[in-house]
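J.: Dropping the structure in here first, questions after.
There are 2 protein chains.
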Amino acid sequence: MTNMDSVSVRVFSLNCWGIRYLSKYCPQRYAMIGEMLCKEQHDIVLLQEVWSEKDYLFLKKKLASCHPHSHYFRSGVIGSGLAIFSKHRIRDTFLYRYSLNGYPYMAHHGDWFGGKAVGMAILNLGSLTANVYVTHLHAEYSREKDSYLPHRVVQAWELQQFIRHTSTGADVVILGGDLNMHPQDLGNRLLRAYNGLQDSYLETAKFDGCENGMTLIVDNPFISKKELVPFEKGIRIDYILFKGSSKADVHCDSMSTTKGSVPNHPFPYSDHEALTAELRLEPRTPAETGSDRQSKNKDSATGKLAELVDIVTEARTEVKVGLHCAERMRYTAARTGVMGLALLFLELVIAAVPYLALGAEQPFPRTSFYLLAVLCFAMLLTTSMLYIFYTMELKSLQEAEDQMRLGIGSLQEKLKGFRLAQLHNPSRMPPEVQEPGAFEPEE
Amino acid sequence: MTNMDSVSVRVFSLNCWGIRYLSKYCPQRYAMIGEMLCKEQHDIVLLQEVWSEKDYLFLKKKLASCHPHSHYFRSGVIGSGLAIFSKHRIRDTFLYRYSLNGYPYMAHHGDWFGGKAVGMAILNLGSLTANVYVTHLHAEYSREKDSYLPHRVVQAWELQQFIRHTSTGADVVILGGDLNMHPQDLGNRLLRAYNGLQDSYLETAKFDGCENGMTLIVDNPFISKKELVPFEKGIRIDYILFKGSSKADVHCDSMSTTKGSVPNHPFPYSDHEALTAELRLEPRTPAETGSDRQSKNKDSATGKLAELVDIVTEARTEVKVGLHCAERMRYTAARTGVMGLALLFLELVIAAVPYLALGAEQPFPRTSFYLLAVLCFAMLLTTSMLYIFYTMELKSLQEAEDQMRLGIGSLQEKLKGFRLAQLHNPSRMPPEVQEPGAFEPEE
């Protein structure tokens, strides 16, 4: 702890829309991104949808002098698409793969093929240890009929679990990425409330960027108006979140987004807007720790805890909806499979007739016979694969639901203790609830 | 911190060998296990290979009064097989799925189909917070030609990463399970050295059980001698590991294993032996923390850190071997696929001859034509699936290798700082290296 001065950290986050040969002007945009990052020299750069390792290597080479430290998170078939570049030495990295990520047969949505995950990098910022997370959750294709909602809620749950359990030793937590959730969406509230993460757009002292901090806007030439309906102007789904600790306070001094175009360039960096947040980390002296915060936040803590219980309960309900849906789908797959098997059996019986009753004519035309057999086999194969897939989906949903049930129980227990303590001795709080918005069991 | 007295905790671990209809005497053995657990009343029961949820529910019902708290970790198609039962309230659970777990086409080994994972449960033991982990790594089928070694090393790496990053806030860490590694195997050394975990068999004051603490023994009637060659007497692959913290010391007062049979029963609980460790947790007063330990362990710290660098380097080499192997396999799959495609093309050309040169005879007998086409399609399908699988394997191996490279860099940096500090001021250590065997970057 040599340096107790405040540290200023500039964090950048961008969904690069980097599908080679499919995303428009991919190489040109990477060149633009590389140039801009070289010029801007952010401390931490968090990128999503860098689907091709070649593009990562291009950036790595380009940023070698300004961002000597980097990590590309590999997972799944295509990769996680996540990358981090840093001015500061990366001490350690770790990757958590979400258990659910859409359906393989929804190939046109493509999410399943990318190994959606959350990447963690641990680095030193001045005297402080920062846990930096980068992630990209499952896209929302329809606001009205969002069949992926349970998956996204489970991803948000796993994200908050991963951050909460891995950041106990961190002085500062920073999370950047494309959450694919509106600010007040369930998963977002879950993430912020459970971990006490703060939204740099809401906390910033100074803001320069799109209206309402939107990151998917109609002014972006890569965006079609249809995609945004019913949010004509745009939506905010990319975030830089942060959190301090007993060792450091974090403030957001300024925050900005790109605005759908880049001066002197014919098109923007991506279909998403880029985010930049300037965070000020203020190491706390041991004396500051504890008492002042405790008294300051005493009143709101019970309320926040109760709110958190409500949010987790809501999430659990959503996961239960997903469970019922997956169960129904698995049942349908099983029924269809059994029908295919019955059909195959019937066909075999009919085919066997001439052999059993010697001399009888083969009742089937040969071609239809083969065609039907192939159909039956295809049906059986498809339904068995679907059955296996839905079984895995069910297991993951059940696991999340179970974790949530436990979590709610612990929170309620804490709330009870908390209310009792308030009742008996309103001036003193039990130590585990001193910090509202950060209800880690480890505290 | 109401209670500063030491707490005694009895931990139980067993690989239940619970494959319904395949494992011998499965229901009878579960009944025996349930009875024994009811009688023994361990504080924490860690079970592996509870493949059927029905069996978990049977145990849950049976143990409802003595172990009111439990969690079944669900993952993959069949499940993770992991379960925890506890006398003490489970506050929180979390699951990490290993990125690699064998090959789906090695169906007779079956590991791939179980969603191998590490489960975490957080509970209070007296005034202390304990992070309890249960896991089961990929089996070793051949000691001489162990093609799964890179997978197991990556699993051990991910296990140590998961424990290290999630246990920063824990006062006590307990890990139980079937690691499928001998005591001096690479993965085991990696796990123990990086996290400073201690082996209860090696640390126990009193031991009662099989020779050398073996858990897979020839005296067990479910074990065939062939499986154990060249270790005629048996091997030790199940463990209960533990670790204290600055808030608590942990000692192992006694440790025992079953010995291949159960009195008054015709067969043992499982093909593995069961482990029981009695741990004594001693909360430390704040005054104790620091100085005494620091001086006691000063000399060995540099050595241990250097040893850790060696171990991680060795692990990295093993992962690189796996990388080369996976690359070769992927190349073979691609080549075979291309051959299948060429064959299909050739066939189509030959089949097209009669249509192009009108009047010419169909050169192919009909049946062989269809058979060959089916063969080509099967070849294409299989090789594409293999190609995708090997690509995923490669990504996971590369990710682990990258994490290891970073880890080695950080450790070497620490070692350098450490040696410099020793050189300049041999009586004082830099604070981050006060605790040998626990080189968490978060410290």
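In order, the protein sequences belong to chains U and G. If you count by UniProt numbering, then the first sequence holds residues 1 to 443, one letter each, in order. If you count by UniProt numbering, then the second sequence holds residues 1 to 443, one letter each, in order. Cβ atoms here follow ideal geometry from the backbone N, Cα and C, with glycine treated the same way. On a predicted model such as this, the values are computed, not experimentally measured, just so you know.
(1) Mapping the DSSP letters down to three states, classify TYR133 (chain G) as helix, strand or coil.
(2) Is it the case that the segment 166–174 of chain G contacts the segment 129–146 of chain G, given that we only count it when at least three CB pairs across the two stretches are under 8 Å?
(3) Between SER52 (chain U) and the rest of its own chain, which residues show a CB-CB distance below 7 Å, the 5 nearest in sequence each way excluded?
(4) Suppose only complete runs of 3+ residues qualify. What are the beta strand (DSSP E) ranges in the segment 10–51 of chain U, listed by chain order?
(5) I need the straight-line Cα distance from ARG10 (chain G) to THR332 (chain G), nearest angstrom please.
(6) Using a Cβ-Cβ cut-off of 8 Å, state whether SER396 (chain G) counts as contacting chain U.
(7) Which term fits ALA378 (chain U), buried or exposed, when burial requires 16 or more other beta carbons within 10 angstroms of its beta carbon?
(8) Please name the residue, chosen from G:GLY213, G:PHE222, G:GLY79 and G:SER384, that lies closest to SER200 (chain G) on a Cα-to-Cα basis.
(9) Does the distance from the C-beta atom of HIS69 (chain G) to that of SER86 (chain G) stay below 8 Å?
(10) Is any beta-carbon of chain G found at less than 8 Å from that of PHE231 (chain U)?
(11) List the endpoints of the continuous beta strand (DSSP E) containing residue 474 (chain U).
(12) To which residues of the same chain is PHE207 (chain U) closer than 8 Å at the C-beta, ignoring the five residues directly before and after it?
(13) Which stretch, first to last residue, makes up the beta strand (DSSP E) that contains ASP253 (chain U)?
(14) Taking only beta-carbon positions, decide if VAL50 (chain U) is within less than 8 Å of chain G.
(15) Starting from ASN124 (chain U), trace the beta strand (DSSP E) both ways and give me its first and last residue.
(16) Mind checking which residues open and close the alpha helix (DSSP H) that includes LEU273 (chain U)?
(17) Name, please, each residue of chain U whose Cβ falls closer than 8 Å to the Cβ of THR367 (chain G).
(18) Taking 7 Å as the cut-off, is the beta-carbon of ASP178 (chain U) closer than that to any non-hydrogen atom of the ligand MN?
(19) Are GLN160 (chain G) and HIS138 (chain G) closer than 8 Å when you measure CB to CB?
(20) Buried or exposed for GLN184 (chain U), going by 16 or more other Cβ atoms inside 10 Å?
(21) Chain G beta carbons: is any one of them nearer than 8 Å to that of ALA92 (chain U)?
(22) Provide the residue(s) that pair with VAL155 (chain U) in DSSP beta bridges, ordered along the chain.
(23) Give a yes or no on whether 8 Å exceeds the smallest Cβ distance from HIS424 (chain G) to chain U.
(24) Specify the secondary structure class of ASP92 (chain G) as computed by DSSP and reduced to three states.
(25) Name the residue from U:ALA342, U:ILE217 and U:THR93 whose alpha carbon lies nearest to the alpha carbon of GLU232 (chain U).
(26) In angstroms, rounded to a whole number, what distance separates the CA positions of GLU443 (chain U) and THR168 (chain U)?
(27) Below 8 Å on the Cβ atoms is my guess for HIS424 (chain G) versus LEU14 (chain G); work out the distance and round it to an integer in Å.
(28) GLU227 (chain G): buried (16+ other C-beta within 10 angstroms of its C-beta) or exposed?
(29) In the structure shown, what three-state DSSP assignment does GLN184 (chain U) receive?
(30) PHE73 (chain U) versus chain G: which residues are under 8 Å apart at the beta carbon?
(31) Taking buried to mean at least 16 other C-beta atoms within 10 Å of its own C-beta, is PHE12 (chain G) buried or exposed?
(32) Could you name the residues of the same chain whose beta carbon sits closer than 8 Å to that of MET32 (chain G), not counting the 5 residues immediately before and after it, in chain order?
(33) Are the C-beta of VAL77 (chain G) and some C-beta of chain U separated by less than 8 Å?
(34) Just list the beta strand (DSSP E) runs in the segment 184–252 of chain U, keeping only unbroken ones of 3 residues or longer that don't cross its boundaries, in chain order.
(35) Which residue marks the beginning of the alpha helix (DSSP H) containing HIS424 (chain G), and which one marks its end?
(36) I'd like to confirm the pairing. Which residues does DSSP put opposite TYR56 (chain U) in its beta bridges?
T.: In short, the structure shows the following:
(1) In the three-state scheme derived from DSSP, where H, G and I count as helix and E and B as strand, TYR133 (chain G) is classed as strand.
(2) The segment 129–146 of chain G, when compared against the segment 166–174 of chain G, does touch it at the 8 Å Cβ threshold.
(3) If we look at SER52 (chain U) and ignore the five residues flanking it on each side, its Cβ neighbours are GLY18 and ARG20.
(4) The segment 10–51 of chain U contains these whole beta strand (DSSP E) runs: 44–48.
(5) Rounded to the nearest whole angstrom, the CA to CA distance from ARG10 (chain G) to THR332 (chain G) is 51 Å.
(6) With 8 Å as the cut-off, SER396 (chain G) counts as an interface residue toward chain U.
(7) Of the residues assessed, ALA378 (chain U) falls on the exposed side of the cut-off, its CB having fewer than 16 other CB atoms within 10 angstroms.
(8) When C-alpha distances from SER200 (chain G) are compared across G:GLY213, G:PHE222, G:GLY79 and G:SER384, the shortest belongs to G:GLY213.
(9) Yes, the Cβ-Cβ distance between HIS69 (chain G) and SER86 (chain G) is below 8 Å.
(10) Judged by the 8 Å Cβ criterion, PHE231 (chain U) is not in contact with chain G.
(11) The shown model of chain U, from 1 to 443, leaves out residue 474 (chain U), and the question about it has no answer.
(12) So the qualifying residues of the chain are TYR201, GLY213, SER254, MET255 and SER256.
(13) DSSP places ASP253 (chain U) in the uninterrupted beta strand (DSSP E) bounded by 248–257.
(14) Residue contact with chain G for VAL50 (chain U): absent (no Cβ-Cβ distance below 8 Å to any residue of chain G).
(15) Here the beta strand (DSSP E) through ASN124 (chain U) covers 117–125.
(16) The residue asked about is misnamed: residue 273 (chain U) is Glu in this sequence, not Leu. Premise fails: GLU273 (chain U) is in no alpha helix (DSSP H) and is neither H nor E.
(17) Identification of chain U residues near THR367 (chain G) by a Cβ-Cβ cut-off of 8 Å yields none; the smallest Cβ-Cβ distance measures about 11 Å.
(18) This structure lacks the ligand MN; in fact it carries no ligand of any kind.
(19) The answer is no: Cβ separation not under 8 Å.
(20) Exposed: under 16 other Cβ atoms inside 10 Å.
(21) According to the sequence as given, residue 92 (chain U) is Asp; it is not Ala. Against chain G, the CB of ASP92 (chain U) has a partner CB under 8 Å away; the residue lies at that interface.
(22) It is Gln, not Val, that sits at residue 155 (chain U) in the sequence shown. None, per the DSSP bridge assignment.
(23) It does not; no Cβ of chain U falls within 8 Å.
(24) Of the three classes helix, strand and coil, the one that applies to ASP92 (chain G) here is strand, per DSSP.
(25) Considering only U:ALA342, U:ILE217 and U:THR93, the residue with the shortest C-alpha distance to GLU232 (chain U) is U:ILE217.
(26) Note on GLU443 (chain U): pLDDT 35, under 50, position unreliable in the model; the coordinate value appears next. Rounded to whole angstroms, GLU443 (chain U) to THR168 (chain U) spans 8 Å at the Cα level.
(27) Not a contact, Cβ separation roughly 51 Å.
(28) Label assigned to GLU227 (chain G): exposed.
(29) GLN184 (chain U) carries a coil assignment under DSSP once its states are collapsed to helix, strand and coil.
(30) Taking a Cβ-Cβ cut-off of 8 Å, the neighbours of PHE73 (chain U) in chain G comprise GLU399, given in sequence order.
(31) Buried, because 16 or more other Cβ atoms sit within 10 Å of the Cβ of PHE12 (chain G).
(32) For MET32 (chain G), where only same-chain residues beyond five positions count, the Cβ hits under 8 Å are VAL262, HIS265 and TYR269.
(33) At least one chain U Cβ lies under 8 Å of VAL77 (chain G).
(34) Counting whole runs of 3 or more residues, the segment 184–252 of chain U contains the beta strand (DSSP E) stretches 238–243.
(35) Residues 366–424.
(36) TYR56 (chain U) is not bridged to any residue.
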